[in-house]
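In full-length UniProt numbering, the protein residues as written are 1 to 691. Built from N, CA and C at the ideal position, the CB exists for glycine as well. As the structure is a prediction and not an experimental result, all values here were calculated from the model.
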DNA sequence: GCGCACACCCACACACCAC
DNA sequence: GGTGGTGTGTGGGTGTGCG
């Protein structure tokens, strides 16, 4: 008996009573539009009392659905997950969340959903009293007995989505396998499990690797919320609150950001980033009590036992406000620089800065900045000198040095403060204001309200609602940014962080959706994904001998294909292709905190010299399968092709077109190249607009 | 009627790019 | 290489209306 069956059989009576004598699909008809795993789904439907239609329904009828990953029929179309999840739980789930919108947005039809009263979720949804909900949630948790808790639920879903066997999730296989697969699914990994998230011994997969998926959504949370429309208001449960606090504690430097809570929202499907952030700010921040120590880069630190270190000292956020003292010091320093430039005299010592042996370049620069009417010895004192309208020139070197001397703000930030605030306020004016306030024993304020920029089009920044996000990874790569003008040969050039975030959080969204649908037994993936897992794993194993055994030592370094628009200067510091690939392997096998998605891309940039746009585009081509990343470079370098053609697991634009067209001949070719498992994954990418 | 979930706002810190 | 333009998300909120 499988774990899922065991779990189900230990469920309380109110679950069991939902089983239908006729089979849960009794009275429902399904037409299967996709070939992938068609027989499997057909057998589920038949076995559980449903009817399989040979032809697509010609009109909308109650209890009649097309089963597909995409709604191209403009008829009620349901995701296959509905079948597998319902079968998994032997319960007719609420079909509404599984209904796919038509590709043609103008298509209009009414969808009559079957009586959802028989679904666990609707029962929970209708339980209005909090006490009842909590009691039911607890009953669920207890019913699952040996449940793997939140962490393994997320891992299970991640593994399920990209294909991971039960054995591997149970830690019976190598830990690399797990990490790879979880990362494959685009889920960011933590550096380790939380000592406070009650990860139990059963979480072998998490413990073995020290890697726990960020998701960690409480099983109770997921089950209760799984079938609710996302726009519904719903209360935060204790489990959700604890999950939010736990993530914040592991991301203390991001506790005030919007993106952290947006990322959390992908694992708490019933709430938006806006609401979770508000929940934290207004209610939960009071309960934070401690966070985990992080280094200067925001990475979690561990003690000698390998556990996270609690601290009640909150680290700095990502941005720091300028203080009045900083503004004043900046004004004084710039005034000093201008004084030196104009009079070529040190304001404190009065010594001339002009030397007989000055380099010609120094002399030339001096002529550009100094006052031509100035008579040496006649310069005013520093106090008497006023900057007036002078705005520059001020060398970049000035801000570079200033940023190094005062690292509380970056070089760019200091320069921007000068440009946007000090120049607008007036250097002399701010110095006078500051000194006057001090002289009168008042506390001067920093400059403010000096920015006057045109309001940007679209939603205001800091708004993370349920609205459809901007599609960053369009096939055309068209973006209303300067990216369209640069020289990159790959389509997605700019908005790098956003792309990365969009890419990975998009996957996470997909995952969380699947997780939320596995409410009764989230630690056991549905059969479909096990097949998918098996398929991808088998393919990969077979391909290894053909595609991963190219000797990197035979590839000259740097390879001709490695151009500066794809690689940073750091890349060219590698001594050999092997050394570069070793580093890629190193990163691929590394674990990351789940909220550090962009960290992966940043590490690839910082340690391998791969530009973020390039690595993002590669990850897209790989459908997020990190295992194939070394293969990508190996083949690209070996065959001087980007992307390398005819390599399994690497999707080219042509492949995607063929998949979209879906002709029998094209599909045969794709199956031959990528295998059915990867095709299934790619379809999900298409579904989620990630290609 | 009210608490809370969720939407929305915006100044600005920091960044990057084109000229 | 100095400068202006502007993209982007943080930080710290407030507004709105559902349950």
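Please state whether DSSP places residue i in a helix, a strand or coil.
i           : result
residue 454 : coil
residue 25  : coil
residue 352 : strand
residue 99  : strand
residue 610 : strand
residue 567 : strand
residue 77  : strand
residue 253 : helix
residue 283 : coil
residue 236 : coil
residue 318 : coil
residue 634 : helix
residue 43  : helix
residue 93  : coil
residue 673 : helix
residue 201 : Residue placement at residue 201 is poorly supported in this model, since its pLDDT is 24, which falls under 50; the coordinates still yield a value, given next. The answer is coil: DSSP assigns residue 201 none of H, G, I, E or B.
residue 549 : coil
residue 681 : helix
residue 267 : coil
residue 428 : helix
residue 274 : helix
residue 288 : coil
residue 692 : Given a span of 1 to 691 for the chain in the structure shown, any question on residue 692 remains unanswerable.
residue 575 : coil
residue 555 : coil
residue 409 : coil
residue 435 : helix
residue 447 : coil
How many Å lie between residue i and residue j at the Cα?
i           : j           : result
residue 33  : residue 652 : 25 Å
residue 117 : residue 44  : Annotation note: pLDDT 29 at residue 117 (below 50); position unreliable, coordinate value reported separately. Looking at the two C-alpha atoms, the distance is approximately 22 Å.
residue 301 : residue 245 : 18 Å
residue 412 : residue 678 : 44 Å
residue 603 : residue 620 : 17 Å
residue 404 : residue 421 : 21 Å
residue 271 : residue 263 : 11 Å
residue 82  : residue 51  : 15 Å
residue 340 : residue 354 : 10 Å
residue 669 : residue 661 : 12 Å
residue 336 : residue 559 : 50 Å
residue 260 : residue 297 : 16 Å
residue 463 : residue 277 : 10 Å
residue 454 : residue 275 : 28 Å
residue 704 : residue 333 : The first residue shown for the chain is 1 and the last is 691, placing residue 704 beyond what the model contains.
residue 674 : residue 41  : 22 Å
residue 240 : residue 317 : 24 Å
residue 577 : residue 624 : 23 Å
residue 575 : residue 584 : 14 Å
residue 236 : residue 79  : 28 Å
residue 443 : residue 437 : 6 Å
residue 95  : residue 249 : 36 Å
Since residue i and residue j should fall inside the 8 Å C-beta cutoff, what is the C-beta to C-beta distance between them, to a whole number of angstroms?
i           : j           : result
residue 612 : residue 601 : 5 Å
residue 610 : residue 632 : Not really, about 10 Å apart at Cβ, beyond 8 Å.
residue 282 : residue 243 : At roughly 17 Å, the Cβ-Cβ gap does not stay under 8 Å, so residue 282 and residue 243 are not in contact.
residue 290 : residue 308 : That belief does not hold up - the Cβ atoms of residue 290 and residue 308 are roughly 10 Å apart, past 8 Å.
residue 608 : residue 637 : Residue 608 to residue 637, Cβ: 13 Å. No contact.
residue 273 : residue 285 : With a Cβ gap of about 16 Å, residue 273 and residue 285 do not count as contacting.
residue 23  : residue 48  : 4 Å
residue 588 : residue 630 : 7 Å
residue 370 : residue 329 : Between residue 329 and residue 370 the Cβ distance is about 24 Å, and since that is not below 8 Å, they are no contact.
residue 640 : residue 561 : 5 Å
residue 547 : residue 671 : About 17 Å separates the two Cβ atoms, so there is no contact after all.
Going by DSSP, which residues form a beta bridge with residue i?
i           : result
residue 65  : 30
residue 692 : Any answer about residue 692 is impossible in this case: the structure gives the chain only from 1 up to 691.
residue 300 : 294
residue 38  : Its beta-bridge partners do not exist; DSSP assigns none.
residue 52  : 30
residue 308 : 302
Which runs of the alpha helix (DSSP H) at least 4 residues long sit entirely within the segment 342–405? Give them in chain order.
At a cut-off of 4 residues, the continuous stretches assigned as alpha helix (DSSP H) that sit fully inside the segment 342–405 are 360–369, 396–405.
Please list the segments of the alpha helix (DSSP H) lying wholly inside the segment 621–669, counting only runs of 4 or more residues, in order along the chain.
You should have 629–639, 653–661.
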